[in-house]
Structures are given as structure tokens and as C-alpha cells.
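In order, the protein sequences belong to chains G and V. Residue numbers for the first sequence follow my numbering, beginning at 5 and rising by one. Residue numbers for the second sequence follow my numbering, beginning at 7 and rising by one. The beta-carbon is built from N, C-alpha and C at its ideal position, and this holds for glycine as well. Note that the coordinates shown come from a computational prediction; the quantities given were computed from them, not determined experimentally. Some notes on the structure that comes next.
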Amino acid sequence: MEETDLLKSAVVEFSEKNISNNATAFERGGIPAEVIKAVAAQGFLGAAIPADSGGSGIDRSGYSVILRQLAVYSPSVSALVLITSSIASAALAKAAPDLLPDIASGNRLVGVDLSTAMDTKIERGALKISGSRIRGTVRYVLNGSGDLLIAMTSDGKLVVVDGGIQATPEEHHLSFRGLAYTKVKVDSGNFRILDEHGKDALLKIADSIDLEVASLALGIARGALNKVVEYTKVRKTFERPLKDYGPVADNISRLMSELRMAELNLESSEAMRDEEILMLKILSVDIAKRATKYALQYHGGYGYIEDFGVEKYYRDAAGLSILFQSPYRDAMRVAKAVYGEKSGYL
Amino acid sequence: MDFEFPEEIARAREKAVEFAKKEITPELAQKCDRDEKFPDELRVKAFQYGIVDYRNPWSMLVTIEELCRADPGLGIAATVSLFGAEVIMLFGNDEQKEKFLAPVQEGKKIMGLAVTEPGGGSDVAGIKTTARREGNKFIINGSKMFITNGAIADFFVMLVRTSEPSDGKRHHGLSAIIVPGNLPGFKRNKITGKLGVRATNTAELVLENVEVPAENLIGEEGKGFYYIMTFFNISRAYVAAQAIGISQGSLDRVLEHLSSLGSGAVTEELQFAAADIATRIEASRLLTYKAASYLFQFRPNPTITSMSKAYAAETAVFAAEKALEITGYSGLNSDLERFFRDAKIMEIWEGTSEIEKLIISRNLLKEAQGVN
Ligand SMILES: Cc1cc2nc3c(=O)[nH]c(=O)nc-3n(C[C@H](O)[C@H](O)[C@H](O)COP(=O)(O)OP(=O)(O)OC[C@H]3O[C@@H](n4cnc5c(N)ncnc54)[C@H](O)[C@@H]3O)c2cc1C
């Protein structure tokens, strides 16, 4: 318990110093390289990567604290850690472990294309292996500004491409704008097959990060609610502070209650079974969506403007539930846990 | 009771659809959203096409709906250049109508309505901008916030305080005045970084000793609050139409997505979600058309108008959010994400949802207590 508190204060102190005043600027111009380096130097970027692979080897509950606290300040920074420490590291662990130290240290950024796993309409990847080269254009690459890419081939393999890639921004970029979201053109002779069954491998990874997504979601909710509590104390309408109005105080307090209960559960997640963690994730994402909506709303016109740092939580909560999970798939997973067999699929 | 529109309005809807198909292109929508650019050419074309004419309010209502269905930012930008015109139409004198109203009705000029201030938008009677009378002019000092068309309008209908209320009633002593945008002492700072409706132009207005001819006063001095509330009663029906357009556009995209899936993939979960959106859209339409029907027959019913605005706005947010969930990755990477961002403004501008609810229940209570 004490260790978790210490870790929490370390993340808060770091975020106050390096993120707090710049979170909005990150959304506009991306997270600067020196901040990524600093996140790595603190051991946050490679938090869940084993120590012998260059990471910090922090246990899952400590990792959850890092994701959650970073998300309070900048969901983009938290998502960067999630992509690096959970998604990329799991994909690379078996077939390309030599790349882990470089991503844990922030020396190299790794882009991931999760669309094949998360979108029911996308069955195949876009990359084609021909002889010793790999080519193609991969859409929707999260964090796709470096020279490492994890994506799928047209015949269903999961690969990592090292170099020979060119990224251009995607047209639509709703969430986690501190991270690049790109269309990546690949023509490379340097690649490795990570898994013959790429879609299954990606789905397995997606199913293994329920706790981490819950942590990010609760961090987003906390960030938004902290802001709106402060704002509604000082903003006056009709000569009274907003917090004095019943619906305002009640909605915010209820959301705070839900959030606090979810946080307490998250903090004792070590004792939880997998399906309970999935349930907690579904609840947490739902709380994040509602909390961010109310936080924006009670800021009135100011909530609608980037500079006030509230609207980003609203965008990120919406994207979180799509980019890193599939709500309809999760509904079936939880139904299976409840009924003990495949249910809810018709 | 007939729920079909007369031929003339159905034709206006068709014309708006034709225009949207031709002019509201994905490229233009994308560009204006990305660059936060007001599409002035589109505005001009909409006038030339004959689809922007607020003297035919029913036609305008369905036009706004259809344009916003194609793209909310562009749809609003193309139809908002007369924002505030009804104040002059209803309460202005003949000279003001000729000098100010006629050119905006012809699409030659752009106007705005400036009520909200940095210190508050919901509490209209709490505004701080003052206009002091000196001979045949007013001297205006203060600032206005989040004003649509703020950096591009030729003039504004502005709510100002002309006297302190002697009876302690804060909504007394307010006046509406026409303020040209190019006067000395009048600064306009474009607001960038909006979550959505980024094709619309929004600005902060700062006025330091701006001198406005006294003849620009609209109606009677001290009646401004009443004029603005009357205006909101009208404009809220148009905002409801914007919101219905957003909801319908979201549903269109959901249905397109579901149609592209194999039949086995369209689970009941997805079907129910689509049915919920569609049902709420129909309910929003009925409420809005009822509000409009009262309004356009000069029998406004503020309770129904506020219901329609609040409900249609809530539906827009619901529809866009659900649509993103249903369509998942493909929706997130399409214009639906823009619909999601645009939708949220519906619950904020021209009376937040909370303010609409206050109006509804206050009116209902007054009715119940027999107060008129
Ligand atoms: C893009 C954009 C364009 C706009 N265009 C214009 C324009 O052209 N002209 C113009 O005059 N204004 C315009 N506005 C301003 C808009 O109308 C105001 O933002 C809105 O009225 C809310 O005012 P506010 O932002 O000051 O929020 P506040 O009034 O400070 O309210 C903050 C929050 O508190 C809630 N609240 C307030 N009082 C109560 C209460 N008693 N009980 C419960 N909840 C309450 C509100 O609903 C809101 O959620 C625009 C705003 C935006 C963002």
C-alpha cells in the first residue's frame, strides 16, 4: 500500500512538473521528444516491460497507478505508455525482444495498427510480403511517427517493420491528439513476423489490457471531474456559484461517487478475477464518458474551447472505448462470464 | 391532423438536399474543420441558389435540417449570416430595416448577435457592457464572448446596459443596439481551437469607448431583455433544426454501416441502438415542428420551444455518440467523429439544456398557479 502511495506521488510530482501546464500544447503539437524521454527516464514508459528487457518491471497494480495518474493530466501521455508498455511489448515479446529496450527508453517510437482487431469490418492487413521486402499502406496507425510499426499483412500475419516507413497524418483524429495518428507507407527490407495468426494475437493482447484501459478511463474521469469541481466553485450565474444549484452539485457528486467506488475497486484489483476486471473496465469507460460530458457541459462555452483543457477528456473518453476495445465484443465477453457459455451474440 | 408538409415546403427540402449534394463536399467540410475557416463562398452560393430566406421560416427550418445532415459546421455556416435578424425584423424601425436588414437578407452582408460576455451567458440580465447616452450617440464599453460571425460580421445586434434598474430588477435597463463592426475602439479577436462547428466563425468582442449613433437603438430603450428573449424563442427552433440534422446525419451513417455488414453481424444490440436513435429523432421532429407551428403563426409557445431545443440537442449528442459506438473504428475514421464534436454545441448555445429546463418548469408552474 505504502509503495503504491509513493509511486502515486512520484507520478503526480512528475506530471505537475512536466505535463500540467503543457497538456493542451501537447494536444496541438504532439508530445515533445524531450517529454517522452523524461517519461521514459522516470521508468514510466517501459513500466510493464520486464527489467531484463530494459523496462522497469513494475507490477500490474503499480503500472495501473502510473496509467491512471498520467491520464489525469494528459490522457495522450497515458495512452503512449499503454501502447508502448502493454501493446507493443506484448506483440514483440516473443519474436523481437531485442527491440524492447529501445522502446522502453523512448529511443524509438512504435506505431501500432489495431484496426484489424477492433473493427469487425476489417479482416485483413494491408501489408504484402514479396520476397525479402514488405510493402503497402497501413491506415489508422496510432503513435505512428517513428520508424517501428506493428501491423498485419494481407494474409493475416502480425509483423514488425523496422525502417522504410513514411507517415502522413490521417484526416480524422478525434482522440489522444498528443500522439500521431497516421497513414503509413511501407517499403522495407527489414521486418519480422511476430505471429502467424495476427488477428488472434491482437485480440488476445486487447483482452489482456482490461485493467490498463480501466486505469486510463478512471484517470480521464478524475481529470475531468477535478476540473469541473474547481470551476463550479468559482463560476457564478444569477449571482450564485454553480455548485449551489442542485442538479449541478448532484450530478457531479454522483459521478464522483461512482468514480471513487471504481477507483477503490481498481486499487484492490489484485484480488479480482479476470471477468471482474472486465466488468470494472466496462463500468470505468462508462463513467469516463458521462463524467467528461458533464464536465464539458458545466464549463458552458469555455468547455467547448481547447484552451480550457476540458474538451480533450470528452474526446479521449469517446476514442478510448473504440481504439483500445470493442464495446460490442466486450458485451459478449461479459455475457459469457455471466452465463458460463457463449451468449448475447444474436 | 396531417403530418405531411405542404408541397412548397417539401420542395424546399428537396432543393436543400440538392444543394447539399452538390456543394457540401467531404473535402470542403474537412478543410474548413481542419483550418477553422468560414466558407464564405458556400454562404454566397446558398443565397444564389435561393435556399436562404428567413421570410419563409418553414422552408428555412427544413433547409437547416438538411444542410446540417450533410455537415453540421458547413450547414450552420451557410445559414447563420442573418443571426439576430429577427430582432430588427420585429422591433427595428423602417430605416434600420432598410439600412441593415435588407443587405443581410440579400446575402450581401453578415450580422451577428452579441449577448454573452466573459462573465456569463446563461444569466442574460447580468451582462456588464454599458452604453452611455451622450447627445445623439451612445458610448459603449465592455466585452462580448463567443460571438458567432464575430470576426466577419458587418454589424451586431448587441445587448447593453443603458441604465441601472431603479426597481432592483436586473433585466430592466437593458437595450438592444446595432453596432457596426468597423468603429474605432472596437476590437475583435477570433477564437480558435473550438471542439466543433469549426467552419463557423467565433470571436471575442472588446469595446472601448465605441461611439454608436443613437438612431441605432432598436425599439425602446430599456426593453432589450424582452427583445432578446423573444428572439431566442424563435432562434431556438432553428437550433433544434440544426440538432435534428446532426441526429439524422448520424443515423444515415449508422444505417449505411449496418447495411454494409453481413446480416449475421447486425446483432439485436446494434438494431436496438439504431432504433433508439431513429425514435428520438422522430420525437425531436414532432416537438420542433409543433414549436415552429406555434411560432410561425405568431402564437409562440416558449415552453414547447424550449422543450424542442433541449430535447433535439440531447438527441444530437446521443445520436452522434451512439453512432460512433455502433460504427466503431470506421466511424471514428469518418466524418462521424466531426458530427460527434459538432453535436455538443447544441446543448450549450442559445440557452444551455439546463436553462431550457428552467424555462420549461417555470412556465409550467406559472400555468399551474394560474399566473399568466
Ligand atoms: C461556438 C459558440 C458560439 C456561440 N455563439 C454565440 C453568439 O453568437 N452570441 C451570443 O451571445 N453567445 C454565443 N455563444 C455563447 C453561448 O450562448 C453561451 O456559452 C451559453 O449561453 C452559456 O453561457 P456561459 O458559457 O457563460 O456558461 P454559464 O452561463 O457560465 O453556465 C455554465 C454551466 O452552468 C449551467 N448553469 C448555469 N446556471 C444554472 C442554474 N441556475 N442551474 C443549473 N445549471 C446552471 C449552464 O447550463 C452551463 O452548463 C456561443 C458559444 C459558443 C461556444
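Flag Gln-301/G as yes when its Cβ comes closer than 6 Å to any non-hydrogen atom of ligand 1, and as no otherwise.
yes
Roughly how many whole angstroms lie between the Cα atoms of Ser-256/V and Met-122/G?
It is roughly 21 Å from the alpha-carbon of Ser-256/V to the alpha-carbon of Met-122/G.
Quick one: is the Cβ of Pro-245/G within less than 6 Å of any heavy atom of ligand 1?
no
For Ala-27/G versus Ser-82/G, is the C-beta spacing smaller than 7 Å?
Taking a C-beta distance under 7 Å as the contact criterion, Ala-27/G and Ser-82/G do not qualify as a contact pair.
Run down chain V in chain order and give the residues with a C-beta less than 8 Å from the C-beta of Phe-18/G.
Under the 8 Å cutoff, chain V gives no residues; its nearest Cβ is about 26 Å from Phe-18/G.
Could you check whether the Cβ of Val-252/G sits closer than 6 Å to any heavy atom belonging to ligand 1?
yes
Within 6 Å: the Cβ of Glu-239/G and any heavy atom of ligand 1?
In the sequence as presented, Glu is not what sits at residue 239/G; that position holds Arg. Yes, the Cβ of Arg-239/G comes within 6 Å of a heavy atom of ligand 1.
By DSSP's criteria, Ser-149/V is part of a beta bridge. Which residues make up the other side?
Val-212/V
By the 8 Å beta-carbon criterion, what residues does the region 149-161 of chain G contribute toward chain V?
none
For a quick check, are the C-beta atoms of Val-121/V and Leu-180/V less than 7 Å apart?
no
How far does the beta strand (DSSP E) with Pro-173/G in it extend, from its first residue to its last?
Annotation: the continuous beta strand (DSSP E) that includes Pro-173/G extends over 169-173.
If the cut is a Cβ gap below 7 Å, which residues of chain V does Tyr-349/G touch?
Thr-273
Would you say Ser-68/G lies against chain V (beta-carbon separation less than 7 Å)?
no
So, is the C-beta of Asp-59/V closer than 7 Å to a C-beta in chain G?
no
Are Ala-84/V and Phe-44/V closer than 7 Å when you measure CB to CB?
no
Cα separation between Leu-267/V and Lys-125/G?
7 Å
What do you get for Tyr-235/G, buried or exposed, if any count of 16 or more other CB atoms within 10 angstroms of its CB means buried?
With 16 or more other Cβ atoms within 10 Å, it is buried.
Just to confirm, are Arg-112/G and Gly-150/G a CB contact at a threshold of 7 Å?
yes
Would the beta-carbon of Val-163/V be found less than 6 Å away from any heavy atom of ligand 1?
no
Write down the C-beta distance between Phe-385/V and Ile-184/V rounded to the nearest angstrom, noting that I regard them as a contact closer than 8 Å.
No answer is possible for residue 385/V: it lies beyond the span of chain V, which begins at 7 and ends at 378.
Roughly how many angstroms lie between the CA atoms of Arg-49/V and Tyr-249/G, to the nearest whole one?
41 Å
Grab the span of the alpha helix (DSSP H) containing Thr-236/G for me, first residue to last.
Residues 214-238.
If you draw a straight line from the C-alpha of Glu-262/V to the C-alpha of Pro-245/G, how long is it?
For Glu-262/V and Pro-245/G, the gap between their C-alpha atoms comes out near 46 Å.
Cutting at 7 Å between CB atoms, please list the residues of its own chain near Ile-116/V, excluding the five before and the five after it.
Ser-87, Val-110, Asn-155, Ile-158, Ala-159, Asp-160
Show which residues of chain B have a CB atom less than 8 Å away from the CB atom of Leu-267/V.
The structure shown contains no chain B; its protein chains are G and V.
Arg-196/G to Ala-92/G, Cα distance in whole Å?
14 Å
Expressed to the nearest angstrom, what Euclidean distance is found between the alpha-carbon atoms of Tyr-302/G and Glu-274/V?
Near 35 Å, if we compare the C-alpha coordinates of Glu-274/V and Tyr-302/G.
In chain V, which residues lie with their C-beta within 7 Å of the C-beta of Ser-119/G?
Tyr-335
Could you name the residues of chain G that Ser-340/V contacts, counting a contact when the two beta carbons are closer than 8 Å?
His-176
Here's the rule I'm using: 16 or more other beta-carbon atoms within 10 Å means buried, otherwise exposed. How should Arg-258/G be labelled?
exposed
Which same chain residues, not among the five before or five after Ala-209/V, have their C-beta less than 7 Å away from its C-beta?
Ile-153, Gly-156, Ala-157, Arg-194, Asn-195, Lys-196, Ile-197
Return yes when at least one heavy atom of ligand 1 lies under 6 Å from the C-beta of Tyr-249/G, else no.
yes
Could you give the DSSP three-state label for Phe-231/V: helix, strand or coil?
helix
What's the gap between the Cα of Glu-216/G and the Cα of Leu-284/G?
11 Å
Anything in the region 161-173 of chain G with a Cβ closer than 8 Å to a Cβ of chain V? List those residues in chain order, please.
Cβ contacts with chain V come from no residue of the region 161-173 of chain G.
So, helix, strand or coil for Met-156/G, using DSSP?
strand
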